[in-house]
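This is how it looks when you write it as structure tokens:
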């Protein structure tokens, strides 16, 4: 037995609570050392034997950026499994691999920046692939499972320390560093905060990362909700890590503060504990912190608070107790169990959207044509590791059905590019080995440069034939005969050098621009045009004109392959680095025209066409003309094997859609409209007919639901039923429980997921499924009371296979509080506590806390506050406003009864003044307010 020396300092004594050890360590650190701890890259303190440390290790669906690792399906694919137990095991595997990789490469961190719990509110959001679902309940269930897997089971020491991303209401890449999400109180509490809250309360979260955007006019990196909400949900110390470069954005992009010292101090006081800024160089942040201390904007106690939170994570990770850390010897990396888990996850993520006449599964002797731009691809995204194993749909079908029964046509256009002089662009012999981007690992893969060890393109009389793929909106990739993509490195030369399109700024995409009877070839990564020079082909300010000579069109090859097959499998979707990714939102739900051409050609040649969508987000497709449609997210290393097993019927598909698939772009709100209630967004409120609803997914089996029971208990509702397998093969079913208020006093969801369970049944087997739903799940945020309220009345419970495929239903009466009028004589009306609005933006009341409202575009805005009780009578109205303009007040939609205008514009947006006018009324009325001009409204009060 090892006994610690009597001289062991408290910080090194594993028998003491972490809190006491951190107290001791803080007392030993100098002020400058404490400051140094607040940058992402924390230096060593050699005199105390403390090692260097950094926050942040991407691990969204496998350890990312640090070289080869097991690659699981994208997060949205994990969400589509609807299987928390599976996702927990994925988290365990990822955390074990992180430990194993760190043992041989100390660049690998254990403070993992995942999962992403932003809700998939809008399907055009570029980072749709990173989230789990549009629903907060499903998102929190999957995120909780993943964080528990990442954390590990030991009561004291964590295997990795997960940080949730991105706090808060972050669903747009367009202007993400300067745009403000206008989030009304009900949406804030019922929607955006819920996924974070329930995941944090589950006890396996080490911290959060604020998002780049602003919420209600205030940057998330100075959000008062970090203190008012997040830190009240747990007794654990939570480490808040800034997003990269966001602290500087507070001044440089958002202009929210005048100086970096002021901005850094405000972020620290709001709750940011670790500053990710200026890469590995901590000097700007440390200088700002020292400046803030010198100006009295911070105290050393403020530093202690933030450093304590970081140290709490480091102690939990066992850094100070290597002899006691049970995870030190973890070496599970690329194990058979991890490979099997990757396959299971890929299989469970596949969603069968349509299957007319039981076209699927395919018989063993089926002759298959597999076609499409993604048919022989295993795509990675920005947050992937490098593949150790790889299975494409084509490879999976070869393996399962035999290569002799599978025909392949990629569907690219084969082209040559001829110069005005008559020569063709040509790829010279490489003379260098293949090298996958990022295989060596990088702390910041955005800094990886293109290859310069290969010769640039030249021209000759015959040239090279390029595979041209149009990924939409004229964005092209060109692949050389040897399989490498044309790319441009820092020296400006064009080479066939990339294994795949990728990078923070993609260097493998081009656009053909009509010019003088030919085309200019624009390289999108640099914005420059391709030209032929004496020493090779390069990009420059002026480009050469090229003639595009089409050798073969993709639809011709597809039609040939399709015509000779029993069934055609068209594999379509997206490249995760082109359109719809971090920094770039999509512009449409439609498939790119190139892929539509291939789909039309396949269908014309063979009506027995199966469309397989492999994508990071939903599409609007013409499903009516297709007998079978499947969707899977980019499924990691095993996507091809998984897809083939599902097509063959070895596995019955049981994935379910984690978000609504809309039929048309016309069904979508504006990307920056975060009012899911007012603009009727997501399955919770959408009143149209979706292409495929939330929770949808078919099976090769069938299931009968019966025996619904439901009763209200003291603090919960107990619901149960039986599910019987009535099919002929073992299969999974996802039982989904929804609820809705039948006669609500305010707009409530059409239906809302309360619970779900994925179960496995054999033919003829019956399972009893039960749920206990806390009554608080039926509450809503009552803006009249400023808190949660369970409304008395009838609630309908719906059990079934999707949000629209309801098999059983019943109605229960739930006790609660009936609606009460707003006591406006006592409390008045906070501007943001409206029931309905038009043209309103919610903005910051002050730079530290509170909300106000203003017209969204300096025009006119209208607000409605229902059920306002003026009691025995009001005689006067007082509005607290800033800026300039007029506030008009009416009751019940009638004429204007009071108009309030400041005598002079106030001095800035935070200089509020009170404006008073006469108003004679009593009883209960709906108050209608109209704002005209750039006027901020904080509060309206009434007096008798």
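Residue numbers (our numbering): 1351 to 2294.
The C-beta atom is built at its ideal place from N, Cα and C for all residues, glycine as well.
Distance, residue j Cα to residue i Cα
i	j	result
residue 1437	residue 1628	34 Å
residue 2087	residue 1520	28 Å
residue 1686	residue 1440	14 Å
residue 1624	residue 2101	40 Å
residue 1431	residue 2168	39 Å
residue 2017	residue 2038	7 Å
residue 1512	residue 1764	46 Å
residue 2218	residue 2032	30 Å
residue 1723	residue 1813	24 Å
residue 1353	residue 1505	Annotation note: pLDDT 46 at residue 1353 (below 50); position unreliable, coordinate value reported separately. Rounded to the nearest angstrom, the two C-alpha atoms are 22 Å apart.
residue 1744	residue 1707	25 Å
residue 2019	residue 2029	7 Å
residue 1700	residue 2284	50 Å
residue 1351	residue 1412	Model confidence at residue 1351 stands at a pLDDT of 37, short of 50, so the residue's coordinates are unreliable and nothing is read from them.
residue 1860	residue 1826	5 Å
residue 2137	residue 2216	16 Å
residue 2093	residue 2129	14 Å
residue 1486	residue 1467	9 Å
residue 2223	residue 2294	6 Å
residue 1446	residue 2230	56 Å
residue 1649	residue 1643	6 Å
Beta-carbon proximity of residue i to residue j, cut-off 7 Å
i	j	result
residue 2178	residue 2268	no
residue 2281	residue 2205	yes
residue 1913	residue 1955	yes
residue 1647	residue 1615	yes
residue 2006	residue 2085	no
residue 2181	residue 2250	no
residue 2072	residue 2118	yes
residue 1387	residue 1660	yes
residue 2160	residue 2060	yes
residue 1908	residue 1948	yes
residue 2236	residue 2266	no
residue 1569	residue 1541	no
residue 1736	residue 1990	no
residue 1918	residue 1959	yes
residue 1821	residue 1928	yes
Under the three-state DSSP convention, the category residue i falls into
i	result
residue 1486	helix
residue 1705	strand
residue 1660	helix
residue 2196	coil
residue 2130	strand
residue 1939	coil
residue 1352	Residue placement at residue 1352 cannot be trusted, given a pLDDT of 44 that sits under 50; the coordinates are not used to answer.
residue 2088	strand
residue 2152	coil
residue 2137	strand
residue 2267	strand
residue 2029	coil
residue 2238	strand
residue 1837	strand
residue 1625	strand
residue 2075	strand
Identity of the residues DSSP links to residue i by a beta bridge
i	result
residue 1764	1817, 1902
residue 1718	1756, 1917
residue 1736	1418
residue 1559	1515
residue 1407	1462
residue 2187	2213
residue 1825	Per DSSP, none; premise fails for residue 1825.
C-beta neighbour in chain C for residue i, strict 7 Å
i	result
residue 1474	In summary, chain C is missing from the structure at hand, where a single protein chain is found.
Worksheet item: Should the stretch 1661-1674 be called in touch with the stretch 1590-1597, which here means at least 3 C-beta pairs below 8 Å?
Response: no
Worksheet item: How do the stretch 1446-1466 and the stretch 1525-1539 stand: do at least 3 beta-carbon pairs fall below 8 Å, yes or no?
Response: Under the Cβ criterion (8 Å, minimum of three pairs), the stretch 1446-1466 does not count as touching the stretch 1525-1539.
Worksheet item: Is it true that the stretch 1629-1636 meets the stretch 1373-1381, where meeting means three or more beta-carbon pairs spaced less than 8 Å apart?
Response: no
Worksheet entry | Stretch pair the stretch 1528-1544 + the stretch 1493-1510: three plus CB contacts closer than 8 Å | no
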